[in-house]
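Quick note: the sequence shown uses numbering that gives the first Met the number 0, first residue 0, plus one each step.
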Amino acid sequence: MSSEKERRFAGPRRGQLVFALGFIAISGLLIVQIGVQTVWVDGVRLAAQPRFWPAVGLGLMVAMAGLHLWRLPWRRVTRFDRTEALRWLMVLEYCAWFMAYVLLVPILGYLPVTLIFVSALAWRMGYRSRGMMAISALFAISVVVIFKSLLSVRIPGGAIYEYLPGALRSFAILNL
Numbered sequence: 000m001s002s003e004k005e006r007r008f009a010g011p012r013r014g015q016l017v018f019a020l021g022f023i024a025i026s027g028l029l030i031v032q033i034g035v036q037t038v039w040v041d042g043v044r045l046a047a048q049p050r051f052w053p054a055v056g057l058g059l060m061v062a063m064a065g066l067h068l069w070r071l072p073w074r075r076v077t078r079f080d081r082t083e084a085l086r087w088l089m090v091l092e093y094c095a096w097f098m099a100y101v102l103l104v105p106i107l108g109y110l111p112v113t114l115i116f117v118s119a120l121a122w123r124m125g126y127r128s129r130g131m132m133a134i135s136a137l138f139a140i141s142v143v144v145i146f147k148s149l150l151s152v153r154i155p156g157g158a159i160y161e162y163l164p165g166a167l168r169s170f171a172i173l174n175l
């Protein structure tokens, strides 16, 4: 049975407790690491110290998350909280896709990896028709053309290009 305070809570209930606990844990971890990650410089005013503003921000993050946790009218994680937290964790799949992309570009090259990943992500999101696969491949090629030629972004060629014969190797390294 919920209390009057729980019934009058403004806003969605799901995920509030998990968010507050996670935010306190992450900001607490960061504030513990501030001495290792920043320095205190002698002879510099307080507001100009490299450690000052990060410490203020992290201190406020811990305080505000603690206040949020203190003001919540419930202290148990429900199935709705777990469902909401699992939705937040699904975002990490796309972080893994991006990290794999970044790791494979220097090995296989910009064009092949972009073609593979754009098509694979389109497939993963449910766009599985031949037309959508063709559109995703055209999009990948256009991204490579825009970045490499129009914007002159220097992306190193893939290590696999070293196995190509002479003129084709230099073309692949410079353009693909």
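C-beta: ideal position from N, C-alpha, C; glycine also.
For clarity, every value in this text was computed on a predicted model and none was experimentally measured.
Going by beta-carbon coordinates alone, are residue i and residue j separated by less than 8 Å?
i	j	result
residue 31	residue 49	no
residue 104	residue 154	yes
residue 16	residue 71	yes
residue 117	residue 138	yes
residue 107	residue 156	no
residue 61	residue 23	yes
residue 64	residue 19	yes
residue 51	residue 59	no
From residue i to residue j, what distance separates their C-alpha atoms?
i	j	result
residue 14	residue 120	28 Å
residue 164	residue 111	18 Å
residue 57	residue 40	19 Å
residue 67	residue 87	19 Å
residue 77	residue 34	37 Å
residue 146	residue 126	25 Å
residue 101	residue 142	15 Å
residue 69	residue 96	37 Å
residue 150	residue 134	22 Å
residue 85	residue 170	46 Å
residue 80	residue 12	8 Å
residue 21	residue 162	48 Å
residue 132	residue 83	32 Å
When you compare each of the options to residue i by their alpha carbons, which one comes out closest?
i	options	result
residue 148	54, 28, 116, 109	109
residue 113	62, 136, 33, 59	136
So residue i is in the alpha helix (DSSP H); what residue range does that whole segment cover?
i	result
residue 82	78-88
residue 149	Residue 149 -> no alpha helix (DSSP H), and no H or E assigned at all.
residue 66	51-70
residue 29	15-31
residue 159	Element bounds for residue 159: n/a, residue is neither H nor E.
residue 42	Where residue 42 is concerned, there is no enclosing alpha helix (DSSP H), given that its DSSP letter is neither H nor E.
Problem set entry | In chain order, each alpha helix (DSSP H) run of at least 4 residues that lies wholly inside the region 94-124 | Segments of the alpha helix (DSSP H) lying fully in the region 94-124: 109-123.
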